[in-house]
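Residue numbering for the sequence shown follows our numbering, starting at 1110 and increasing by one per position. For reference, the structure discussed in these notes is given below.
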Amino acid sequence: MSCKIDYQAPADLLAGRVILVTGAGDGIGRAAARCYARHGATMILLGRTTAKLEAVYDEIEAEGGPQPAIFPLNFEGATLKDYQDMAATLDKEFARLDGILHNAGLLGRITPFEQYDPELWEQVMQVNVNGPVWMTQALLPLLKASEDASVIFTSSGVGRKGRAFWGAYSVSKFATEGFVQVLADELENLSAVRVNSLNPGATRTRMRQEAFPGEDPATLRSADEIMPTYLWLMGADSRGHTGERFDAQPPRG
Ligand code: NDP
């Protein structure tokens, strides 16, 4: 596992690239969408709350980034047809996709497994695993049309080592790590699509606050501070890396 927190991205690292970020309206996804746009990418902002996506759209425009596109989609209710329609729209508009940051995520509940609500379990698996998996399947032809495509799946510390009470969230992140390995192995040598997992580490967001309500947020890195690894993994400097696990920041001491 490695971490590129000291990476200094060239200003034009992502110039001309078309990149999709899920969960782009808040937290780490919002920071990544803005940061990628500042480095020249045309952003596709996907999320479930249109007003939040519109706010990020405005921020990107105000910062002088390429005009983004907004894609409202809720992984909870989305169907295969939604993903196919999305692929058709992106095909018409861009004819390729140079990167996906799978970032949208649901925490579910931190609770003993004996008390875990099955409906919530399914919901977490849907948002964190199944939705992103089927969306990726629909978008594969567009990724293959790119000269250098990077697909990043967001993992977590509990997706690499299980921890009591983390239930569906932990299991969903293990599944994510597994899918990364399967897909990377399938695509290696056959395409210019690389697939890796990235653990942001403890980051000051709404989800972190929900998971650790007693924690002082001031002790955490902000989403903006962990962007170097996000940039490195999305841009050409990480070419040749696939099926690997990365960390956006060193473990907390
Ligand atoms: P936030 O809760 O701040 O953001 C999550 C994003 O996912 C939001 O934009 C949210 O949309 C979106 N989202 C949630 N459910 C859905 C859905 N059903 N359909 C579409 N979009 C959805 O969390 P973070 O920024 O902290 O988390 C980002 C990623 O990083 C997640 O995958 C998380 O598991 C992972 N992570 C975070 C850590 C941390 O310390 N923050 C540590 C380890 C991993 P909306 O705003 O509209 O609700």
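Note that CB positions come from ideal geometry on N, CA and C, so glycine has one too.
In chain order, what residues of the same chain have a beta carbon less than 8 angstroms from the beta carbon of residue i, not counting five sequence neighbours either side?
i	result
Arg1317	Ala1311, Glu1324, Pro1326 and Leu1329
Leu1248	Leu1129, Tyr1192, Met1195, Ala1196, Leu1199, Leu1206 and Ile1209
Leu1189	Trp1243 and Ala1247
Going by DSSP, which residues form a beta bridge with residue i?
i	result
Met1336	For Met1336, which the question treats as bridged, DSSP gives no partner whatsoever.
Phe1283	Phe1283 pairs with nothing; no bridge assigned.
Arg1303	Ser1259
Pro1181	Gly1156
Asp1356	Cys1112 and Asn1308
Leu1210	Val1130 and Ile1261
Thr1151	Val1127
Arg1330	Thr1312
Buried or exposed for residue i, please, with buried defined as at least 16 other CB atoms from any protein chain shown within 10 angstroms of its CB.
i	result
Gln1117	exposed
Asn1305	buried
Gln1176	exposed
Ser1111	exposed
Gln1224	exposed
Gly1349	exposed
Asn1102	With the chain represented from 1110 up to 1362, any question about residue 1102 goes unanswered, as that position is not in the structure.
Gly1287	exposed
Thr1351	buried
Val1165	buried
Asp1226	exposed
Thr1285	buried
Arg1361	exposed
Leu1299	exposed
Using a Cβ-Cβ cut-off of 6 angstroms (strictly less than) and excluding sequence neighbours within five positions of residue i, which residues of its own chain qualify?
i	result
Lys1075	In this structure the chain extends from 1110 to 1362, so residue 1075 is not present and cannot be described.
Val1289	Phe1262, Val1304 and Ser1306
Pro1241	His1211
Phe1180	Ile1153 and Leu1155
Note down, in chain order, each residue of its chain lying with its Cβ closer than 7 angstroms to the Cβ of residue i, except the 5 sequence neighbours on either side.
i	result
Gly1136	Thr1314, Arg1315, Met1316 and Ala1332
Leu1215	Gln1232, Val1233, Val1236 and Asn1237
Phe1222	Gly1276
Arg1272	Ser1279
Gly1132	Gly1138, Gly1156, Asn1212, Ala1213 and Gly1214
Return helix, strand or coil for residue i, following the three-state DSSP convention.
i	result
Ser1255	coil
Gly1174	coil
Thr1220	coil
Thr1314	coil
Arg1205	coil
Asp1135	coil
Thr1198	helix
Pro1119	coil
Tyr1192	helix
Thr1245	helix
Asp1166	The residue you asked about is not Asp; residue 1166 is Tyr in the sequence shown. Tyr1166 falls in the helix class under three-state DSSP.
Ala1187	coil
Ala1140	helix
Ala1345	helix
Pro1322	coil
Asn1237	helix
Leu1215	coil
Tyr1225	coil
Glu1295	helix
Ala1273	coil
Taking 7 angstroms as the cut-off, is the C-beta of residue i nearer than that to any heavy atom in ligand 3?
i	result
Ala1146	The model on display carries ligand 1 but not ligand 3.
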